[in-house]
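Numbering (numbering that gives the first Met the number 0), first residue to last: 0 to 246.
Where a beta carbon is used, it is the ideal one built from N, C-alpha and C, also for glycine.
These figures come from a predicted structure and were not determined experimentally.
Structure first, commentary second.
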Amino acid sequence: MIDRRAFALGLAATAASCARGPNLDRLTLGEQGRAVGVRSGEVLNLDSGLEVRLAGIEAPNGSEPLANEARALLSAAVLGKPVTLLYGGLKRDRYERALAHVRLEAGRRWMQGEVLAAGLARVRTYPDNRALAAEMLQAEARARRAKKGLWAIDAYRVLLPYECPGKSGFQIVEGKVRQVAVTSGSVLLDFQGGGARAEVPRFVSADFAAAGHAPEGLKDRLIRVRGNLRDGVIRLNHPETLEMLRN
């Protein structure tokens, strides 16, 4: 059972700690408006009729655990208040929703940061929309270490490779790379202990190298990867899906 009073106090503490956020001004300035509806912890509506999806995060929806809490956090922060959209990649999804970072004008608070800091979303970037990934990963990591929100629920935990068989969908997996295999189409990273592997398509391997973690050189390195797990494989299509960890 969620203690609603404690949760409300937690929202206030989260807002205070995340008020400044990163330098959003380096993004492209977008629409402004008043938030008049919140559908989930990652989707809101402006008075102009524009629906906005918070770029770079995935919050629980529908009947998923803590979906109501994620929606309550965003609602408490933005409803009835002026917000500004800022873009760092693709501006619209296939549903014509704006894909944006959202800044509350009062205190210039960064909504992605607040939802992540409360542990009510995970970072999920895409090749065409990955602005502020480093800052979002940091906010997620702090919440995970504190076991806030989703990170206290078994279904959302970071998996070890041997726990991957039978799992699917968006997952975060960490482990030591046992073997690197270079094929004509991809670089395959097999984890120690088996159970999962990561695949980096060759056409993006140069991007990983430019980011400081060339996949060909990851043998015996401890890494964390995130993406859609299917048949024991996570396909990594941009560098922000891979984090280097200390051995």
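A contact between stretches requires three or more CB pairs, one per stretch, nearer than 8 Å, and the segment 175-187 fails this requirement with the segment 139-157. According to the DSSP secondary-structure assignment, Gly174 is paired through a beta bridge with Ile222.
By the Cβ neighbour-count rule, Asn128 is buried, with 16 or more other Cβ atoms within 10 Å of its own. Met110 sits close to Leu73, with the two beta carbons spaced by under 8 Å. If you ignore the 5 residues before and after Asp46, its C-beta comes within less than 6 Å of the C-beta of Gly32, Arg33 and Val35, all in its own chain and listed in chain order. DSSP places Val203 in the uninterrupted alpha helix (DSSP H) bounded by Arg201 to Ala209.
Runs of the alpha helix (DSSP H) lying entirely within the segment 60-144, each at least 4 residues long, are 66-77, 110-116 and 132-144 in chain order. Per DSSP, reduced to three states, the secondary structure at Ala197 is strand. For Gln191, there is no enclosing beta strand (DSSP E), since its DSSP letter is neither H nor E. Using a C-beta cut-off of 8 Å, the segment 149-158 makes no contact with the segment 78-95, since fewer than three inter-stretch Cβ pairs fall below that distance. The residue among Arg201, Ala208 and Val224 with its C-alpha nearest the C-alpha of Ala195 is Val224.
The C-beta of Met243 has fewer than 16 other C-beta atoms within 10 Å across all chains shown, which makes the residue exposed.
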